[in-house]
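Take a look at the structure set out below.
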Amino acid sequence: MPQSVDRALDVLDAVAASDGPVPAKVLARQLGCGLSTVYDLLGTLTARGHLVRGSGGYTLGYRVPSLHSAFQRQMRMDERVHELLARVRRAAGADTYFSTYRDGDIAVLAGAAASHPATGGFSVGRDTDGHATAHGKVLLAALPRAARLRYLSDSGMRAITPRTITSPERLDLELRQVRRSGVAVEVEECAPGVACIAVPVPGAGGGPAQAVSAALPLADFHRRRHQVTEVMRHVAAEAGKLADSGTLLVGKPTVERPGTA
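Rendered as structure tokens:
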């Protein structure tokens with residue numbers, strides 16, 4: 067990748083990671099490049115609508131939502147998926163997400179969360195820490211062993227918290243239980259004070275494995291674990307109906323099929 071393109075994407079990622087406007091000098095310091103270079107990149111990104119310049123610095127521009135809409139269109143994400151997640155969030159009182167495995171990657175494609183969720187929330191996009199998330203465990207459990215080990219080797223299985231599973235052998239034992247029970251749970255493996263529950267979407271239209279998940283504060287998890295699990299099973303069944311109708315088919319079918327290894 068040409069260095070200028072690489073740096074432009076670094077600028078875009080840095081602005082996206084910020085909670086508010088970012089001054090050019092801060093971006094230059096964060097990225098370790100000259101201020102004049104950053105201004106050139108900011109000028110291009112602003113002209114194309116990917117960024118907006120305000121009094122306090124730069125924020126994401128109005129072009130970004132249209133890119134997200136195009137992404138969802140290409141992933142064939144029906145608006146009913148978002149409505150379903152929002153309805154479940156209200157019913158379960160937990161942040162809810164829809165995820166998939168496709169072409170070697172795990173990704174969160176949609177979510178319904180509070181503006182500032184107590185769970186911290188997942189970002190829509192690629193998830194390189196599937197070994198530490200409930201939805202990741204559901205999706206990894208559906209893969210043949212070779213594909214699963216390939217993903218784990220690429221991701222590195224980093225220790226996010228002291229409770230994160232970093233051993234492929236130990237994770238493999240847990241994934242066997244996920245296949246038997248049809249539900250995956252992680253407790254403070256991805257974030258302190260947070261637990262997640264995930265279940266697979268049945269009959270994903272002949273396409274890649276899919277999962278729905280809920281994230282909630284640890285105290286709520288201990289009190290309402292079984293209730294939330296049943297709610298998630300119900301929403302997975304509804305999502306499965308959309309998959310059967312072709313509405314929820316995410317991208318092209320994968321050549322890898324769920325295994326029992």
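Take any residue in the sequence shown, note its place counting from 1, add 66, and you have its number in the working numbering.
Built from N, CA and C at the ideal position, the CB exists for glycine as well.
Bear in mind the structure is a predicted one, so any value in this text is a computation, not a measurement.
Nearest to residue i (by Cα), restricted to the options the options
| i | options | result |
| --- | --- | --- |
| P268 | R214, D286 and E304 | E304 |
| T125 | V301, S279, E240 and L93 | L93 |
| A225 | A173, A198 and G159 | A198 |
| T162 | H201, D220 and R119 | H201 |
| V190 | A113, A213 and S165 | S165 |
Three-state secondary structure (DSSP) of residue i
| i | result |
| --- | --- |
| D373 | What the structure shows of the chain is the stretch from 67 to 327, and residue 373 is not part of that stretch, so it cannot be assessed. |
| Y128 | coil |
| R114 | coil |
| V88 | strand |
| G191 | strand |
| A179 | coil |
| G109 | helix |
| S121 | coil |
Cα-Cα separation, residue i to residue j
| i | j | result |
| --- | --- | --- |
| L111 | A285 | 43 Å |
| A207 | V147 | 23 Å |
| R192 | G248 | 23 Å |
| T103 | G196 | 36 Å |
| Q276 | S233 | 24 Å |
| R114 | V88 | 18 Å |
| F287 | A261 | 6 Å |
| R214 | L117 | 37 Å |
Cβ distance (whole Å) where residue i is taken to contact residue j below 8 Å
| i | j | result |
| --- | --- | --- |
| L151 | G177 | 7 Å |
key: Runs of alpha helix (DSSP H) wholly within the segment 194-247 (minimum 4 residues, chain order)   = For secondary structure counted as the alpha helix (DSSP H) over 4 or more consecutive residues, the segment 194-247 holds these complete runs in sequence order: 200-207, 211-221 and 234-247.
message = Suppose only complete runs of 4+ residues qualify. What are the alpha helix (DSSP H) ranges in the segment 243-311, listed by chain order?
response = Taken in chain order, the whole alpha helix (DSSP H) runs of length 4 or more contained in the segment 243-311 are 284-310.
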